[in-house]
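Read through the structure below, which is laid out as structure tokens, and then see the notes.
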Amino acid sequence: MNIQDLVQKLINAGIEENEAKIELKMLLEHFCNYTELDRLKGKILSDDGFDLISEKVELRVSKRKPIQHIIGESWFMGEMFKVNENVLIPRDETEILVRKAIEIIKQEGFEDVLDIGTGSGCIACMIAKQTNATVLGVDISTDALRVALDNVTRLGINNRAIFRKSDLFEKIREGEVFDLIISNPPYIPEGTELSPEVLQEPHCALFAKDDGLEFYKKIIEKAPLYLTKGGYLMFELGIDEAEQVRSMMEKNFIDIIVEKDLAGIDRIIYGKLA
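Residue numbers 3 to 276, in my numbering, belong to the letters of the sequence shown in order.
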């Protein structure tokens, strides 16, 4: 058996060919420090290294464990974040939300941001890293917050992104207000069929009641109490949820804008407190 046989094993398990090649490269680089350049130069992977990668491929195939969980890391906006089964794997769609937030924060000179459902901390960390704002990330999961704390330490921004255990606004202190509240909430309607890989991510970070709208409703209802005058509320959107979320926001927010992702799907929404 050789490296190409391992790629074929991933393909036979239902992983698309290009993705299978990328995943094997990720495994080789992470566990064996064996790069594509090494392969092109004819460097031979050691027997121990090959056995280790074979074990990881078997884990990927037999358990359908996400490659990011096997490696324990995932790229987001050019930075490597720690991930595990307690947090969502950062996705490209969320980068759209964060880049827009960074644009607004710089444009408005915002200083205080609240990230609700922070998970791995990727949103809070990248906003803190690329702006002058201080970000408070909250999450109901202690295990998720441990991951977020590891990530903020990795990036060296502990004094700029801070974390607190809270069920939405529950532990926001009296007098704490924010210029911008941002959230990538659970938004998949309960009962939706998902791939085996996605189902290994935390259920509480994926699914929501009320056809996926549960957390939008809760956050939109309370957000005006914690925003400064003219502050912004921003969300990532689930598929076909834009108009319902817009309708909920219209009671207290103006200048509401929906933006699409690269697939043409309504992916983020934001508006200003009236």
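Even for Gly, the Cβ is constructed at its ideal location relative to N, Cα and C. Computed from a predicted structure; not experimentally measured.
| Check | Outcome |
| --- | --- |
| Where residue 185 falls: helix, strand or coil (DSSP) | strand |
| 7 Å Cβ cutoff met for residue 96 and residue 153 | no |
| At least three beta-carbon pairs within less than 8 Å, the stretch 103-120 to the stretch 174-186 | yes |
| Contact set for residue 244: own chain, Cβ-Cβ below 8 Å, skip 5 residues either direction | 260, 268 and 271 |
| Between the CA atoms of residue 218 and residue 90 - distance to the nearest angstrom | 18 Å |
| Continuous beta strand (DSSP E) stretch holding residue 83: start and end | 81-84 |
| Where the alpha helix (DSSP H) containing residue 197 begins and where it ends | Element bounds for residue 197: n/a, residue is neither H nor E. |
| For residue 236: DSSP bridge partner residues | 184 and 272 |
| Secondary structure of residue 151, DSSP reduced to three states | helix |
| Complete runs of the beta strand (DSSP E) confined to the stretch 54-125 [at least 3 residues] | 75-78, 81-84 and 114-118 |
| Straight-line Cα distance separating residue 44 from residue 129 | 42 Å |
| Whole-Å CB distance - residue 60 paired with residue 71, under 8 Å assumed | So it is not a contact: roughly 15 Å between Cβ atoms. |
| Reduced DSSP secondary structure (H/G/I, E/B, other) of residue 174 | coil |
| Span separating the alpha-carbon of residue 136 from that of residue 110 | 14 Å |
| Sequence-distant residues of its chain with Cβ nearer than 7 Å to residue 37 (five each side left out) | 31 |
| For residue 63 and residue 15, the rounded distance between their alpha carbons | 6 Å |
| As assigned by DSSP and simplified to three states, the class of residue 5 | helix |
| DSSP state of residue 242 mapped onto helix, strand, coil | coil |
| Contacting residues, own chain, Cβ-Cβ under 7 Å from residue 221 (five flanking each side not counted) | 118, 170, 185 and 187 |
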